[in-house]
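Novice:
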Amino acid sequence: MHSIRQNVDLQKKAFQVLEQTGQKEPLLLESYRTPQSPTFHGEGPFLFDHLQLILQTLFAIAEGSVSLLSIEEFRSLKGYEGEIQELEETIRENVAFFEVFALCHDTAKWSTITFSTKEGSRGEAIGLSLSQKQHWEEQGHQEQIKMRERYLELYRRFEEEHHGETPEQIQFGFYLSYGIDVHYPGHDRAIHSPVYHGLLECMATLYHLPEQDIHYLEDLIAHHLDPLQDFTHVRPERIAKYYHFARTRGYDADDYLDRLQAITLLDGVCGSIHTGAHGSWQEFMLIQNFFRSEHNFLPSRREEKQKHREEDEKKVLNRYFRETGLDGVALMKLLGSSPGPSFGKILQQIHQAILGKEEMPSFGKTIDQELKERTGNFFQRYFEKGQ
């Protein structure tokens, strides 16, 4: 995932999306300045950095510049290759949907922000702390605004004093110096409020999403923190909760779970860098535990989904074999063969060889060359479709 973060083209593309949408929606632009502390968001000092990393990951998967199965944390998840591939396909097939999620899911952090300080820290000494209780009190909102601006000004001065360091170094240095943690109580459920729901509607219109996607996104945003809390361990019983919620809201339960896994990957895993005394990391454990919990909840359902995936893959392969002259009828003509068990065995050998599962049989120079050309056309079609 380091390569995604450092990819200049992906950085520019994500930056442009944030800049353009921020110009259209002042509420978004304002939220980009929301501070974040490195314990959970060491990707940079502001919400902008978090959103940029989510979008970079989304675009990398959508464009095929990264395959999830090429990532070590997924490769080590033996037996879940089908689920991982399905997760990747869900993201690729719904790029605009997940782009709107990324832009809108944390906007309310700006208005719900609170601060806590480490005991004996400089942050505590200067009174830069606002408890959640104070946050909800009548005078809490004005106090919150003042404290947010104090934090931003304090950070700006610290940044000037550490000119030449990277944003991540400055962020962590500030945290070590002042011991201030940033929190956003209720920012997930705030999507139900008129102001944030209105923003979601505007962004969905901008991205030409259908009306049903607005309701879908509202529910996913309202519950995007649930998997981060539910899957610190393998907990199959939590899957039952998601199935029940999806059905009460009128969603296909499997589709809801697929999309919830996608936002967990984009937001909670790839888009969030945890930082501590021993370095930084991303919580791949969350998505791994999510997969395992789903499997343990209903093993037979996993087997059924795998069977459907294999059937769909077989249909796709057969279509490409037909389109590139590698189906039974075309090969029978090429080889001058007749129908029967002998040809069936040869056909299976050729198809297995094309898929890299055994050696290609030889039929003479002319036919071998023709098979090589047709195989090349097959793979061109196959990879053009992002299989």
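Just so you know, we're using this note's numbering here: the sequence shown kicks off at 715 and counts up by one. Yeah, the Cβ is synthetic: ideal placement off N, Cα and C, and Gly gets one too. Note that this is a predicted model, so its numbers are computed, not measured.
So, with DSSP's three-state summary, where would you put H988?
Specialist: Of the three classes helix, strand and coil, the one that applies to H988 here is strand, per DSSP.
Novice: Which whole-angstrom value describes the C-beta separation of S834 and S843, a residue pair presumed to lie in contact below a C-beta threshold of 8 angstroms?
Specialist: This sequence places Gly at residue 834; Ser is not what is there. Actually they are not in contact, since the Cβ atoms of G834 and S843 sit about 13 angstroms apart, beyond 8 angstroms.
Novice: Going by C-alpha distance, which of L1069, K860, E1017 is nearest Y794?
Specialist: The option with the nearest alpha carbon to Y794 is E1017.
Novice: Measure the C-alpha to C-alpha separation of P881 and F959 and round it to an integer number of angstroms.
Specialist: So the alpha carbons of these two residues sit roughly 40 angstroms apart.
Novice: Can you give the beta carbon distance from L923 to F815, rounded, assuming they're within the 8 angstroms contact cut?
Specialist: Not confirmed; about 10 angstroms, so no contact.
Novice: What are the residues that DSSP puts in a beta bridge with D895?
Specialist: DSSP output for D895 lists S830 as bridge partner(s).
Novice: Do G985 and T771 have their C-beta atoms within less than 8 angstroms of each other?
Specialist: Yes.
Novice: Who are the Cβ neighbours of Y1034 in its own chain at under 6 angstroms, not counting the five residues just before and after it?
Specialist: For Y1034, where only same-chain residues beyond five positions count, the Cβ hits under 6 angstroms are F1092, R1095, Y1096.
Novice: Considering only their Cβ atoms, is the gap separating E1008 from L980 smaller than 8 angstroms?
Specialist: Going by C-beta atoms, L980 is not nearer than 8 angstroms to E1008.
Novice: Please report how far the alpha carbon of L761 lies from the alpha carbon of K1071, in whole angstroms.
Specialist: Their backbone Cα atoms lie some 47 angstroms apart in a straight line.
Novice: Apply the 10 Å Cβ neighbour rule to Q1101 and answer buried if 16 or more other Cβ atoms are within range, or exposed otherwise.
Specialist: In this prediction, Q1101 has a pLDDT of 48, which is less than 50 and means its spatial position is unreliable; nothing more can be read from the coordinates.
Novice: Taking T828 as the reference, give the member of E802, G841, L769, M861 with the closest Cα.
Specialist: Among E802, G841, L769, M861, the Cα nearest to that of T828 is on M861.
Novice: DSSP state of G993, grouped into three classes?
Specialist: In the structure shown, G993 sits in a strand (DSSP, three-state: E or B).
Novice: According to DSSP, what are the bridge partners of L844?
Specialist: L844 is bridged to F829.
Novice: Kindly identify the DSSP beta-bridge partner or partners of F945.
Specialist: In the DSSP output, where bridge partners are listed per residue, F945 has none listed.
Novice: Do you know offhand how far N721's Cα is from Y746's?
Specialist: Their backbone Cα atoms lie some 21 angstroms apart in a straight line.
Novice: Sort D763, Q1063, L741 by Cα distance to M1074 and report the nearest one.
Specialist: Ranking D763, Q1063, L741 by Cα distance to M1074 puts Q1063 first.
Novice: Per DSSP, which residues does P752 bridge with? Please list them.
Specialist: None, per the DSSP bridge assignment.
Novice: Rounded to whole angstroms, what is the Cα-Cα separation between E757 and L914?
Specialist: Cα to Cα, the separation comes out at about 25 angstroms.
Novice: In three-state terms, what does DSSP make of Q1101?
Specialist: Only weak support exists for where Q1101 lies, its pLDDT of 48 falling under 50; the value from the coordinates is given anyway. Note: Q1101 maps to coil in three-state DSSP.
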